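*Asks:* In this note's numbering, the protein residues as written are 565 to 1111.
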């Protein structure tokens, strides 16, 4: 790989120090690029994703050192913060935010050049390591894609535990979901008298760098059905963890429940003596069945159950905010027809049934968050819509608060959204309830619909809202190129006010790309609605519940 130049950023240095640093950096053998920043805006624009050297005066370390560390950790975590001093020298150290920092001494020009040469080579090494890691992650992703779409049963295994399995592997062993496979050790799927062969072979394959030879083993499905298969271990990497790929080639199945009857001995007719004078017994005719075809069996109907999928919102500010996944549950009928959540809510809005639906949705979403945390994919928010029972049913509210308090590790990624209509009907108790929910660690969102008045800003400040969901009116979503016509002035003013309060804005109702382009220049963060069908997103696994 061709080495890239190392960016060097000089921040708020005096003129003599600037000249000394520039002279020392330009005399180095390594290719570097110099940038200067005299303000925080220039400092933010100069930061890049690559490893760079940031030279800061030591006099501002006590006053603005923490702020500089936060900015570097957010925008360029691999960079080195170098404090320039005339009094002391400090070696490389890692701070609490994970940013490496040191102090260089600029008294002697030769010593300064030697220090900078070491730091530039160290930054080049980090940059090279990051590029290699990026290429390896691409190769790992490509390998996982080939495994997922392979017709051969393949699974990732580490220390006898499943890490991932493709559809062919799950179908071969009769697993209903990948979660069931992850809970089952591989050793339980092998016949008891052959488990001693599998364990050392799997251990040696994880330490080796070559594929193993084929091994013939007998596997046992959870339904007690056995089959013989050729097994082969291939060393691999799954999400940064060293493991092996388990390749299976089934050779046939033997059902234990079917006991084969012994075949009776066949008598040789030529070896039997027949007396010619004996009377020949008449041949009895067997009754012939007139049915020539098998009876037609009716197809079995499925079970009615609740299912959950997540629609990932379009992140307009992906460099500053993580992904957002909106829960979209639906009811799968016995005939296979899905009933959307909106229709279920309209039918079951009154009474305790809406609470049961929301309780199921909350439980399924927390399970998805826990699964994402185990798979090291917990870098997204999960949004669910709650009914009006949050404000008018105290017992159910206490159960909700108790459940959220017991799941402290998962509620940090949970966003509970209520509608403005429900908030207005219970305005006297709404703010204390929302504050109590936010104290459990969840994020609070308010769906204000097409309302875009400025009086919502004090409301958002009082309730300590984290998210606001807005909807663009039909009249604003035109094809005009004028941004003022696409997004009204009062809507833009309200969005700016919410952005000053650090409230994340979600927009819905966008129908055309022109309005979407205009929305990118506003403080809006996420885009919801039917326009997301034009942008492909990956959904989470489907959770099922019998009804």
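Beta carbons are placed, not taken as given, at the ideal position from N, Cα and C, and that holds for glycine.
Quick caveat, the model's predicted, so the values are computed rather than measured.
Return no unless some Cβ of chain D is closer than 8 Å to the Cβ of residue 766.
*Replies:* This model lacks chain D altogether, as it is built from one protein chain only.
*Asks:* Identify, in the order they occur along the chain, each residue of the same chain with its Cβ nearer than 8 Å to the Cβ of residue 1030, setting aside the five sequence neighbours on each side.
*Replies:* Locating residue 1030 in the chain shown gives position 466, counting from the first residue. If we look at residue 1030 and ignore the five residues flanking it on each side, its Cβ neighbours are 979, 1002, 1007, 1008, 1009, 1067, 1068.
*Asks:* Closest by CA to residue 973, which one among 993, 933, 983?
*Replies:* Here residue 973 refers to the residue found at position 409 of the chain shown. Minimum Cα distance to residue 973 is reached at 933.
*Asks:* Got a sec? Which residues, its chain only, sit under 6 Å from residue 712 by beta carbon, not counting five neighbours each side?
*Replies:* The residue you call residue 712 lines up with position 148 of the chain shown. Cβ within range, chain order: 730.
*Asks:* Using the Cβ count rule (16 or more neighbours within 10 Å means buried), how would you classify residue 1115?
*Replies:* In the structure displayed, the chain extends from 565 to 1111; residue 1115 sits before or after that span and is not available.
*Asks:* Determine whether the beta carbon atoms of residue 1033 and residue 1063 lie at a separation below 8 Å.
*Replies:* Walking along the chain shown from the start, residue 1033 turns up at place 469. Walking along the chain shown from the start, residue 1063 turns up at place 499. Against a cut-off of 8 Å, the Cβ pair of residue 1063 and residue 1033 comes out as no contact.
*Asks:* Fully enclosed by the segment 923–950, which beta strand (DSSP E) runs are 3 residues long or longer?
*Replies:* 944–949
*Asks:* So residue 909 is in the beta strand (DSSP E); what residue range does that whole segment cover?
*Replies:* Here the question's residue 909 lines up with position 345 in the chain shown. Careful: residue 909 lies outside any beta strand (DSSP E), inside the alpha helix (DSSP H) at 905–911.
*Asks:* Please report the distance separating the alpha-carbon of residue 1044 from that of residue 1078.
*Replies:* Numbered from its first residue, the chain shown carries residue 1044 at position 480. Numbered from its first residue, the chain shown carries residue 1078 at position 514. Low local confidence applies: a pLDDT of 44 at residue 1044 is under 50, so the model's placement there is unreliable, and no value is given.
*Asks:* State the DSSP-derived secondary structure class of residue 662, mapped to helix, strand or coil.
*Replies:* Reading the chain shown from its first residue, position 98 is the one you call residue 662. Residue 662 falls in the coil class under three-state DSSP.
*Asks:* Among residues of its own chain, excluding the 5 on either side of residue 766, which ones have a beta-carbon nearer than 8 Å to its beta-carbon?
*Replies:* Within the chain shown, numbered from 1, the residue matching residue 766 stands at position 202. Closer than 8 Å at Cβ, skipping near neighbours: 721, 724, 750, 797, 808.
*Asks:* By a C-beta neighbour count over all protein chains shown, 10 Å radius and 16 as the cutoff for buried, is residue 838 buried or exposed?
*Replies:* Residue mapping note: residue 838 aligns to position 274 of the chain shown, counting from 1. At residue 838 the pLDDT is 48, less than 50, meaning the model places this residue with poor confidence and gives no usable figure here.
*Asks:* Taking the continuous alpha helix (DSSP H) assigned at residue 986, which residues delimit it?
*Replies:* Counting from 1 along the chain shown, the entry for residue 986 is found at position 422. In the DSSP assignment, residue 986 falls within the unbroken alpha helix (DSSP H) covering 984–989.
*Asks:* For residue 697, name the three-state secondary structure that DSSP assigns.
*Replies:* Position 133 of the chain shown, counting from 1, holds the residue named residue 697. Correct three-state label for residue 697: helix.
*Asks:* Any chance the segment 986–996 sits against the segment 940–958, with 3 or more Cβ pairs inside 8 Å?
*Replies:* yes
*Asks:* Of the residues 1061, 982, 935, 1022, which one's Cα is nearest the Cα of residue 744?
*Replies:* Position 180 of the chain shown, counted from the start, is the residue given in the question as residue 744. For the options 1061, 982, 935, 1022, the alpha carbon positioned closest to that of residue 744 is the one of 935.
*Asks:* Pull up the distance between the alpha-carbon of residue 622 and that of residue 568, whole angstroms please.
*Replies:* Counted from its first residue, the chain shown places residue 622 at position 58. Counted from its first residue, the chain shown places residue 568 at position 4. Rounded to the nearest angstrom, the two C-alpha atoms are 29 Å apart.
*Asks:* Please classify residue 904: is it buried, with 16 or more other beta-carbons within 10 angstroms of its beta-carbon, or exposed?
*Replies:* The sequence position of residue 904 within the chain shown is 340, counting from 1. Exposed is the call here.
*Asks:* Please state whether the Cβ-Cβ distance between residue 800 and residue 666 is less than 8 Å.
*Replies:* Locating residue 800 in the chain shown gives position 236, counting from the first residue. Locating residue 666 in the chain shown gives position 102, counting from the first residue. If you check the CB distance, residue 800 and residue 666 do not come in under 8 Å.
*Asks:* Give, in chain order, every unbroken run of the beta strand (DSSP E) that is at least 3 residues long and sits entirely within the segment 628–685.
*Replies:* Runs found: 644–649, 654–658, 664–669.
*Asks:* Can you give me the C-alpha to C-alpha distance between residue 1080 and residue 1061, rounded to a whole angstrom?
*Replies:* Taking the first residue of the chain shown as position 1, residue 1080 is located at position 516. Taking the first residue of the chain shown as position 1, residue 1061 is located at position 497. Each residue's Cα considered, the two are about 20 Å apart.
*Asks:* Who are residue 718's beta bridge partners in DSSP?
*Replies:* For the purposes of this step, residue 718 is taken as residue 154 along the chain shown, with counting starting at 1. The partner list for residue 718 (beta bridge, DSSP) reads 811.
*Asks:* Exposed or buried, residue 948, counting other C-beta atoms within 10 Å across all chains shown (16 or more means buried)?
*Replies:* Position 384 of the chain shown, counted from the first residue, corresponds to residue 948. Answer is buried; the Cβ neighbour count reaches 16.
*Asks:* Under a three-way DSSP split, which group does residue 1084 fall into?
*Replies:* In the chain shown, the residue the question calls residue 1084 occupies position 520. Residue 1084: coil per DSSP, three-state reduction.
*Asks:* In chain order, what residues of the same chain have a beta carbon less than 8 Å from the beta carbon of residue 699, not counting five sequence neighbours either side?
*Replies:* Walking along the chain shown from the start, residue 699 turns up at place 135. Cβ within range, chain order: n/a, list empty.
*Asks:* Put residue 1015 into one of helix, strand or coil per three-state DSSP.
*Replies:* In the chain shown, counting from the first residue as 1, residue 1015 sits at position 451. Three-state result, residue 1015: coil.
*Asks:* Please confirm whether residue 601 and residue 573 have their CB atoms less than 8 Å apart.
*Replies:* Position 37 of the chain shown, counted from the start, is the residue given in the question as residue 601. Position 9 of the chain shown, counted from the start, is the residue given in the question as residue 573. Contact flag set, yes.
*Asks:* Between the Cα of residue 640 and those of 661, 611, 652, 670, spot the shortest distance and give me the residue it belongs to.
*Replies:* Locating residue 640 in the chain shown gives position 76, where the first residue counts as 1. It is 611 whose Cα lies nearest to the Cα of residue 640.
*Asks:* Are the Cβ atoms of residue 982 and residue 944 separated by less than 8 Å?
*Replies:* Within the chain shown, the letter at position 418 stands for residue 982. Within the chain shown, the letter at position 380 stands for residue 944. No; because the gap between Cβ atoms is not below 8 Å, this pair is not in contact.
*Asks:* Can you tell me whether residue 671 is buried or exposed, with buried defined as 16 or more other CB within 10 angstroms of its CB?
*Replies:* As a working note, residue 671 is residue 107 in the chain shown. The residue in question, residue 671, is exposed, as its Cβ has fewer than 16 Cβ neighbours within 10 Å.
*Asks:* Check the DSSP bridge columns for residue 748 and list the partner residues they point to.
*Replies:* The residue given as residue 748 occupies position 184 in the chain shown. Paired residues: none, contrary to the question.
*Asks:* Mapping the DSSP letters down to three states, classify residue 594 as helix, strand or coil.
*Replies:* For the purposes of this step, residue 594 is taken as residue 30 along the chain shown, with counting starting at 1. Of the three classes helix, strand and coil, the one that applies to residue 594 here is coil, per DSSP.
*Asks:* Report yes or no: do three or more beta-carbon pairs, one from the segment 628–639 and one from the segment 581–597, lie closer than 8 Å?
*Replies:* The segment 628–639, when compared against the segment 581–597, does not touch it at the 8 Å Cβ threshold.
*Asks:* Quick one: give me the first and last residue of the alpha helix (DSSP H) that residue 954 is part of.
*Replies:* Within the chain shown, numbered from 1, the residue matching residue 954 stands at position 390. Counting along the chain, the alpha helix (DSSP H) containing residue 954 begins and ends at 953–956.
*Asks:* May I ask you to report which of helix, strand or coil DSSP gives residue 1128?
*Replies:* In the structure as shown, the chain begins at 565 and stops at 1111. Residue 1128 is therefore absent and cannot be evaluated.
*Asks:* Cutting at 6 Å between CB atoms, please list the residues of its own chain near residue 737, excluding the five before and the five after it.
*Replies:* The residue labelled residue 737 in the question sits at position 173 within the chain shown. The answer, listed in chain order, is 785.
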